[in-house]
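Novice:
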Amino acid sequence: MITAVVGANWGDEGKGKITDRLAQDADYVVRFQGGSNAGHTIKNEWGKFALHLLPSGIFSKDAVSVIGNGVAVNAKILAEELKTLEDAGVEHSKLIVSDRAQVVMSYHMLLDAYEEERLAGKSFGSTKAGMAPCYSDKYAKIGFQVGELYADRETLMPRIENVCRIKNTLMEHLYHKPLLDPEEIYKEIKENAEILRPYVAHTSAVLHQALKDDKKILLEGQLGALKDTDHGIYPMVTSSSTLAGFGAIGAGVPPYAIQKIICVVKAYSSAVGAGAFVSELFGEEADELRRRGGDGGEFGATTGRPRRVGNFDAVATRYGCMMQGATEVALTVVDVLGYLDELKICVGYDVDGKITTDFPNTIQLEKAKPVYETMPGWKCDITGITKYEDLPKECRDYVERIEELIGVPVAMVSNGPARDELIFR
Ligand code: GDP
């Protein structure tokens, strides 16, 4: 049976923490989309780690960590991440990487950076990890799958020369940057082949066998539903699907095998990068939440950029859970809100004078104004509480109001960044 752990919001919901905890009982933990463009922060007995590409199950000695075919793999970053864990003395799990995953090449990162530079103030706020160029090349069929890194020179050179012809037109005429050299790219491909060699596997065959053997598989999503290429706030989205449904494709498993979909929901809102954010807070109120948020403040795990923060948005979250097909919710960072006298929940959007609870398309969303409902705060620290009944009444009321508004049972309440700071209901 497969459980997916995915985000309902804009990412940074705390999926890494929830996956790290659930991975203790899993046999396989699989990343199925994205690349090193975002990060999960994990705090456990080994220390505090920012993972970008590695599955959060890497800390479990028994679970196999899988990088699925839907991921964009930057081999050098993967090697660096593994080294960081080894330097910290982590006895990590076995890692396998799909031979069908796409390879992020250095020119993907260059093109990402050049495009951001060209767009200047109108940029997407890319993390410059090469995702958009890499996924574009995948669908234009000019990318390289991991398995192709081991092809001979005669097979690779015509593909490389074709890539250079296309990219160098952009390099010369659009970006005015140095041209790509096919020999250098061939060398890079062979370097990547050596870095990845110990890990390459037919991961979907491995996972199908695991299903036959009744093993427990966890799929780990990156970012959240509102950053999904199709269903998110297009074009301010990421370049791969962030939805549990895509897990079937990005991990190469049967869709009907994904039976449990744990949607991670943040008890307030946060987002990185540009795009409409209806319940966003500004000024001192925002600064205080950003300072107190997450574990040591709301700053990006990959970039260190300050995250935008806001009140809980029930409209966006209900939609996020719906698109994920959530069967249950893990509500995180509830402990952070203990300082507030009252909490505002965005229960509707006012679009041109009409109130809606359906998350609209981007053009409508840009015009939406939040409609708030207010609840009393609990004004105390809830860290260390292990039973739901022991949470202050105002806190339980907040959790249950969220549950009612999003229409999915809240099965877990997270009250701290550490692995065990999790209340099961
Ligand atoms: P992910 O990408 O969804 O895994 O999220 P990130 O790791 O980018 O951001 C979540 C941040 O919140 C991290 O710093 C976590 O350590 C932290 N975190 C997760 N759950 C909780 C929680 O319940 N309480 C607090 N205070 N921090 C949490």
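Offset between the sequence shown (1-based) and the working numbering: plus 47. Just so you know, even glycine gets a beta-carbon here, dropped at the ideal spot from N, CA and C. In this text the structure is predicted, and so the values were computed from the model without any measurement.
(1) Could you check whether the stretch 169-188 touches the stretch 326-335, counting it as contact only if at least three pairs of C-beta atoms, one from each stretch, sit closer than 8 Å?
(2) Three or more C-beta pairs closer than 8 Å, one from the stretch 338-345 and one from the stretch 273-282: is that the case here?
(3) DSSP on Phe406, reduced to helix/strand/coil?
(4) Are at least three pairs of beta-carbons, each pair with one atom in the stretch 110-127 and one in the stretch 163-174, less than 8 Å apart?
(5) Tell me whether Asp360 counts as near ligand 1, meaning its Cβ is closer than 8 Å to at least one heavy atom of that ligand.
(6) Just to check my reading of the structure: Val151 and Asn121 have Cβ atoms closer than 8 Å, yes? What is that Cβ distance to the nearest angstrom?
(7) Apart from the five residues just before and just after Phe79, which ones in its own chain have a Cβ nearer than 6 Å to its Cβ?
(8) Taking contact to mean 3 or more Cβ pairs, one atom from each stretch, closer than 8 Å, check whether the stretch 130-145 and the stretch 375-386 are in contact.
(9) Looking at the structure shown, is Glu267 part of a helix, part of a strand, or coil, going by DSSP?
(10) Take every Cβ of the stretch 358-365, pair it with every Cβ of the stretch 319-330, and state whether three or more of those distances are shorter than 8 Å.
(11) How about Lys263 and Asp72: are their beta carbons less than 9 Å apart?
(12) Determine which residues share a DSSP beta bridge with Thr88 and list them.
(13) Leaving aside the five residues before and after Leu469 along the sequence, list all residues of the same chain whose C-beta is less than 7 Å from its C-beta, in chain order.
(14) What are the boundary residues of the beta strand (DSSP E) that Pro205 is part of?
(15) Which stretch, first to last residue, makes up the alpha helix (DSSP H) that contains Gln256?
(16) Let's see if you can read the secondary structure: which residues bound the alpha helix (DSSP H) around Ser153?
(17) Please confirm if the stretch 230-246 is in contact with the stretch 206-214, defined as three or more CB-CB distances below 8 Å between the two stretches.
(18) With a CB to CB cut of under 7 Å and the five nearest residues on each side skipped, what residues in its chain are close to Ser153?
(19) Measuring alpha carbon to alpha carbon, tell me which of Tyr186, Leu254, Asp159 ends up nearest Lys175.
(20) Taking only three categories from DSSP, how would you classify Thr66?
(21) Using only the alpha-carbon positions, how far apart do Leu258 and Cys427 sit?
(22) Leaving out the 5 sequence neighbours to the left and right, which residues in its chain are closer than 7 Å to Asp444 when beta-carbon positions are compared?
(23) Taking DSSP's pairing of strands, which residues face Phe329 in a bridge?
(24) Alpha carbon to alpha carbon, how far is Glu92 from Glu441? Give it in angstroms, no decimals.
(25) I'd like the span of the beta strand (DSSP E) that includes Lys224, first residue to last.
(26) For Ala110 and Asp74, which I take to be in contact (beta-carbon distance under 8 Å), what is that distance rounded to the nearest angstrom?
(27) I'd like the list of long-range same chain contacts for Pro417, defined as Cβ closer than 6 Å, with 5 residues on each side in sequence excluded.
(28) What is the C-beta distance between Gly63 and His87, in whole angstroms, given that I count them as a contact (C-beta under 8 Å)?
(29) How would you call Met48, buried or exposed, if buried means at least 16 neighbouring beta carbons within 10 angstroms?
(30) First and last residue of the beta strand (DSSP E) that includes Met459?
(31) Which residue or residues does DSSP assign as beta-bridge partners of Ala357?
(32) Give the DSSP-derived three-state secondary structure of Asn108 in the structure shown.
(33) Assign Thr66 to one of two classes, buried (16 or more other C-beta atoms within 10 Å of its C-beta) or exposed (fewer than that).
(34) With which residues is Val398 paired in a DSSP beta bridge?
(35) What number of angstroms, rounded off, separates the C-alpha of His255 from the C-alpha of Asp146?
(36) What residues in its chain sit with their C-beta under 8 Å from that of Glu413, if we drop five residues either side in the sequence?
Specialist: If we stick to the structure as given:
(1) no
(2) no
(3) Phe406: coil per DSSP, three-state reduction.
(4) no
(5) no
(6) 4 Å
(7) The residues are Gly115, Gly117, Leu266, Gly294, Gly297, Ala298.
(8) no
(9) Three-state result, Glu267: strand.
(10) The stretch 358-365 vs the stretch 319-330: in contact.
(11) yes
(12) The secondary-structure analysis by DSSP pairs Thr88 across a beta bridge with Ala97.
(13) So the qualifying residues of the chain are Arg68, Met459, Ser461.
(14) Segment 200-216 is the alpha helix (DSSP H) holding Pro205; no beta strand (DSSP E) there.
(15) Looking at the DSSP string, the run of the alpha helix (DSSP H) that includes Gln256 is 250-259.
(16) 153-166
(17) yes
(18) The residues Glu235, in chain order, have a CB closer than 7 Å to that of Ser153 in the same chain once the five nearest residues on each side in sequence are set aside.
(19) Asp159
(20) helix
(21) Leu258 and Cys427: Cα-Cα distance of roughly 45 Å.
(22) Once the five neighbours on either side are set aside, the close Cβ partners of Asp444 are Met422.
(23) Under DSSP, Phe329 forms no beta bridge with any residue.
(24) So the alpha carbons of these two residues sit roughly 32 Å apart.
(25) Looking at the DSSP string, Lys224 is not in any beta strand (DSSP E), and its letter there is neither H nor E.
(26) 6 Å
(27) Cβ within range, chain order: Val325, Ser326, Cys393.
(28) 3 Å
(29) exposed
(30) 457-461
(31) One detail in the question is off: residue 357 reads as Gly in this sequence, not Ala. In the DSSP output, where bridge partners are listed per residue, Gly357 has Ser316, Glu327.
(32) The identity of residue 108 in the sequence shown is Lys, whereas the question assumes Asn. Residue state, collapsed to three classes: coil.
(33) When all chains shown are included, Thr66 counts as buried.
(34) Answer is Lys401.
(35) 15 Å
(36) Ala323
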